[in-house]
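Protein chains in written order, with our numbering: chain W, 353 to 722; chain U, 353 to 722.
Step one of this worksheet: look at the structure below.
Protein chains: 2
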Amino acid sequence: MKILCSKSELTAGLNIVSKAVPSKTTMSILECILIDCTDGNIKLIANDMDFGIETVIKGKILEKGVVAYDANILVNLIRSLPDNDVTIETDADYNTSITCEKINFNKILSRSGEEFSYLPKVDMNNPVVLSKLTLKDVVRQTIFSISDNEANKMMGGELFEINGDNLRVVSLDGHRISIRNIKMNKAYNSIKVIIPGKTLNEISKIISGNDDDNVDIYFDSNHVLFKFDNTTVVSRLIEGDYFKIDQMLSNDYQTKININKKELLNCISRATLLIKEGDKKPVILNINDNKIDLNINSVVGSMNESIDIEKEGKDLMIGFNPKFLIDALRVIDDESINIYLVNAKAPCFIRDDEGSYIYLVLPVNFTTAN
Amino acid sequence: MKILCSKSELTAGLNIVSKAVPSKTTMSILECILIDCTDGNIKLIANDMDFGIETVIKGKILEKGVVAYDANILVNLIRSLPDNDVTIETDADYNTSITCEKINFNKILSRSGEEFSYLPKVDMNNPVVLSKLTLKDVVRQTIFSISDNEANKMMGGELFEINGDNLRVVSLDGHRISIRNIKMNKAYNSIKVIIPGKTLNEISKIISGNDDDNVDIYFDSNHVLFKFDNTTVVSRLIEGDYFKIDQMLSNDYQTKININKKELLNCISRATLLIKEGDKKPVILNINDNKIDLNINSVVGSMNESIDIEKEGKDLMIGFNPKFLIDALRVIDDESINIYLVNAKAPCFIRDDEGSYIYLVLPVNFTTAN
Numbered sequence: 353m354k355i356l357c358s359k360s361e362l363t364a365g366l367n368i369v370s371k372a373v374p375s376k377t378t379m380s381i382l383e384c385i386l387i388d389c390t391d392g393n394i395k396l397i398a399n400d401m402d403f404g405i406e407t408v409i410k411g412k413i414l415e416k417g418v419v420a421y422d423a424n425i426l427v428n429l430i431r432s433l434p435d436n437d438v439t440i441e442t443d444a445d446y447n448t449s450i451t452c453e454k455i456n457f458n459k460i461l462s463r464s465g466e467e468f469s470y471l472p473k474v475d476m477n478n479p480v481v482l483s484k485l486t487l488k489d490v491v492r493q494t495i496f497s498i499s500d501n502e503a504n505k506m507m508g509g510e511l512f513e514i515n516g517d518n519l520r521v522v523s524l525d526g527h528r529i530s531i532r533n534i535k536m537n538k539a540y541n542s543i544k545v546i547i548p549g550k551t552l553n554e555i556s557k558i559i560s561g562n563d564d565d566n567v568d569i570y571f572d573s574n575h576v577l578f579k580f581d582n583t584t585v586v587s588r589l590i591e592g593d594y595f596k597i598d599q600m601l602s603n604d605y606q607t608k609i610n611i612n613k614k615e616l617l618n619c620i621s622r623a624t625l626l627i628k629e630g631d632k633k634p635v636i637l638n639i640n641d642n643k644i645d646l647n648i649n650s651v652v653g654s655m656n657e658s659i660d661i662e663k664e665g666k667d668l669m670i671g672f673n674p675k676f677l678i679d680a681l682r683v684i685d686d687e688s689i690n691i692y693l694v695n696a697k698a699p700c701f702i703r704d705d706e707g708s709y710i711y712l713v714l715p716v717n718f719t720t721a722n
Numbered sequence: 353m354k355i356l357c358s359k360s361e362l363t364a365g366l367n368i369v370s371k372a373v374p375s376k377t378t379m380s381i382l383e384c385i386l387i388d389c390t391d392g393n394i395k396l397i398a399n400d401m402d403f404g405i406e407t408v409i410k411g412k413i414l415e416k417g418v419v420a421y422d423a424n425i426l427v428n429l430i431r432s433l434p435d436n437d438v439t440i441e442t443d444a445d446y447n448t449s450i451t452c453e454k455i456n457f458n459k460i461l462s463r464s465g466e467e468f469s470y471l472p473k474v475d476m477n478n479p480v481v482l483s484k485l486t487l488k489d490v491v492r493q494t495i496f497s498i499s500d501n502e503a504n505k506m507m508g509g510e511l512f513e514i515n516g517d518n519l520r521v522v523s524l525d526g527h528r529i530s531i532r533n534i535k536m537n538k539a540y541n542s543i544k545v546i547i548p549g550k551t552l553n554e555i556s557k558i559i560s561g562n563d564d565d566n567v568d569i570y571f572d573s574n575h576v577l578f579k580f581d582n583t584t585v586v587s588r589l590i591e592g593d594y595f596k597i598d599q600m601l602s603n604d605y606q607t608k609i610n611i612n613k614k615e616l617l618n619c620i621s622r623a624t625l626l627i628k629e630g631d632k633k634p635v636i637l638n639i640n641d642n643k644i645d646l647n648i649n650s651v652v653g654s655m656n657e658s659i660d661i662e663k664e665g666k667d668l669m670i671g672f673n674p675k676f677l678i679d680a681l682r683v684i685d686d687e688s689i690n691i692y693l694v695n696a697k698a699p700c701f702i703r704d705d706e707g708s709y710i711y712l713v714l715p716v717n718f719t720t721a722n
């Protein structure tokens, strides 16, 4: 095999497919990036079996072939070259040379692509179309409440549920639920799948969020395929029926407050400075007339701060794991938010009137004597 | 004790003295920052016994006193506050409250300053004066070749040697020597001391290198004191006679080459990509007429690259630890450099005609058959 590409094309392509190279594996073929130029395109492919990426780069094919290269070595060597044309040539014994200007790397380890697993085939009809920005945003706004729960794999993924022109993305970890609703440009057939969190994290890193380009998303019973630019990402889905979310949601409340998001976020972040890692101290919210007193006590010291609010309904004292509130507040873009509460043992809901987001957080017990 | 300071003054001062708080220690008092405002100034002090920093910040003293605070907690709490006035108040039982706007931290742990060690006294006469930029530069240009050699503590420091108006700074680790000579604005009494590398690293971080301000440096038999802005840094010196450097230097050579520094640096950096950590593969320089062929062989593959040079004297093939060449080349600002060589077993010298720098690097054995 022999190809000629610009360093920048190679680097861009390698950076994308590297995301599917596992950092630790016992199967050395998974640590490889395959270059396949048998069909007239220069395809770079990596696949960790759960999750695979293929991207096509520009360049000249001087001799067709398929070769697998150690991902780390290939990426580092190419990155070190000057910004010019690069020739990669592998002979029949899988000795590779990489040449650029007066630089020659020789006898670089490479291997046949025989053991390499190509991406699974997914039927590519009727894509669901999202802008790159929307996809990145919705992942960022929900991914923090997935959970690495070995006993319940579904918590490690996110529900993508399409009804008509509405996409609902849900994640939960047993202490909280994050929900985002997105209006799409047209209606689609109903879809309900669980996409692994790892896939969504890696997709977010690969797609650049600045542009208005779209991502085409295809589903079959076992896989999801994302197609954008010259890149294809395929991931297996998580099997099973997702949690019955709607039973956990409620519109009843006894207390509704409206509060400046940034003030609340800064205050809770400050409070966590008094907590050492692993120490489960709640932040206590004392909702009283038109202010909240926030309070935290730990071995290091205590903090209190009060924030002005608008309130409807009853006064209430309630405790939360501060991290859970922080995670939700960080991804809400609204300047002021509504929080709905029932009592000190029921979940609170942070949600907007349009229903574009719902963040449910369970409270924690606290002793007022603390 | 009760003081009122702006958050920015406090943060700036704490950032400086924090550099003398050890990350690991069994003596909890060393993890503290002392605030001492008994003499009308607000002094922040930290001292890890080898190395101490004192800085004076602006603010109002509402009640005089001396209190020691856990450095980590104090720094994090102050950093979390809004950009406004901060009151720190500690009562007779060493309960501290920190107040800013509507935020109250209470019952923060603090302790008496009784166990705290103040900076050692150093006689402050006849300072050696260097610009901040010069001091930072000379440390950066030499610090990489100190060594953590338990058996020979002197390798962990740098020689600062003053003769007349010349300052010579030297570091060595048994494989290489780095020397910088600096012309100062006036002549001083002769001084020859070994300053710990850690001290020089921390000083470099504290002084901002952008401005032309000076640092006054005072020496006594056991300590060095750096004075700049409102800050005083005192460090113990390393005891003993430094290595006899001049015996190791020589102006004889058989081969002299002039080469573009950046080309050589980039080439050697690329070559190191083929070396796994801990693998001691030399880069081989084959000096031949008006070019160098650089060559490296490893289990991963091999590289060769040729660079045009100007040469005087004999052709030569010589091997080096690539890291040692890279370290020296990185801190030389000249566009083209001269390298002086004798034979494959003698050190090479990278030095300029003015004698402002000399980098000596020992070669390593290599088998041409490799």
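The beta carbon of each residue, even a glycine, is placed where N, CA and C say it ideally should be.
The structure presented is a predicted model; accordingly, all values stated were derived computationally and were not measured.
- By the CB criterion at 8 Å, residue 358(W) and residue 445(W) fall outside the cutoff.
- By the rule that beta-carbons nearer than 8 Å mark a contact, residue 485(U) does not touch chain W.
- At a C-beta separation below 9 Å, residue 621(W) has these neighbours in chain U: 432.
- Under the three-state reduction of DSSP output, residue 365(U) falls in the helix class.
- Annotation for residue 619(U): the continuous alpha helix (DSSP H) segment containing it runs 613-624.
- In this structure, residue 356(U) and residue 385(U) do not form a Cβ contact; the two beta carbons are roughly 18 Å apart against a cut-off of 8 Å.
- Excluding its 5 nearest sequence neighbours in each direction, residue 681(U) has C-beta neighbours in its own chain below 7 Å: 613, 616 and 617, listed in chain order.
- Collapsing the DSSP output to three states places residue 641(U) in coil.
- Closer than 8 Å to the CB of residue 353(U) there is not a single CB belonging to chain W.
- In terms of CA proximity to residue 596(U), 507(U) leads the group 583(U), 630(U), 564(U) and 507(U).
- With a threshold of 8 Å between beta carbons, residue 630(U) makes no contact with chain W.
- For residue 584(W), the enclosing beta strand (DSSP E) stretches over residues 583-588.
- In the three-state DSSP reduction, residue 629(W) falls in the coil class, being neither helix nor strand.
- Inclusion of residue 549(W) and residue 510(W) in the CB contact set at 8 Å is warranted, their separation being smaller than that value.
- Residue nearest to residue 594(W) within the set 521(W), 635(W), 537(W) and 627(W) is 521(W) (criterion: CA-CA distance).
- Ranked by how close their Cα comes to the Cα of residue 691(W), the residues 700(W), 683(W), 685(W) and 684(W) have 700(W) in first place.
- According to the DSSP secondary-structure assignment, residue 607(U) is paired through a beta bridge with 665(U) and 693(U).
- Between residue 653(U) and residue 457(W), the CB-CB gap stays under 8 Å.
- Per DSSP, residue 552(U) is not a residue of any beta strand (DSSP E); the alpha helix (DSSP H) it occupies stretches across 549-558.
- Under the Cβ distance rule, residue 625(U) counts among the residues neighbouring chain W, one pair being separated by less than 8 Å.
- A straight-line Cα-Cα distance of about 29 Å links residue 540(W) and residue 525(W).
- For residue 654(W), the chain U residues whose Cβ falls inside 9 Å of its Cβ are 456, 457, 458, 459 and 460, in order along the chain.
- Residues of chain U whose Cβ lies closer than 8 Å to the Cβ of residue 657(W) are, in chain order, 454, 455 and 456.
- Excluding five sequence positions before and after residue 490(U), the CB atoms of its chain that fall closer than 7 Å to its own CB belong to 521, 532 and 534, given in chain order.
- Taken in chain order, the complete beta strand (DSSP E) segments of 3 residues or longer contained in the region 469-516 of chain W are 480-483.
- Listed along chain U are 625, each with a C-beta nearer than 7 Å to that of residue 429(W).
- When the Cα atoms are used, residue 412(W) and residue 363(W) turn out to be separated by approximately 16 Å.
- The secondary-structure analysis by DSSP pairs residue 535(U) across a beta bridge with 518(U).
- With respect to residue 606(W), residue 694(W) sits close: the two C-beta atoms are nearer than 8 Å.
- For residue 660(W), DSSP records a beta bridge to 643(W).
- At a cut-off of 8 Å, the C-beta of residue 611(W) has no neighbouring C-beta in chain U.
- Under a criterion of Cβ atoms nearer than 7 Å, the residues of chain W adjacent to residue 425(U) are, in order, 652.
- If you draw a 10 Å sphere on the C-beta of residue 516(U), you find fewer than 16 other C-beta atoms in it, and that means exposed.
- If you draw a straight line from the Cα of residue 401(W) to the Cα of residue 469(W), it is about 8 Å long.
- Setting aside the 5 residues that flank it on each side, residue 574(U) is surrounded in the same chain by 588 and 589, each with a C-beta closer than 7 Å to its C-beta; the list follows chain order.
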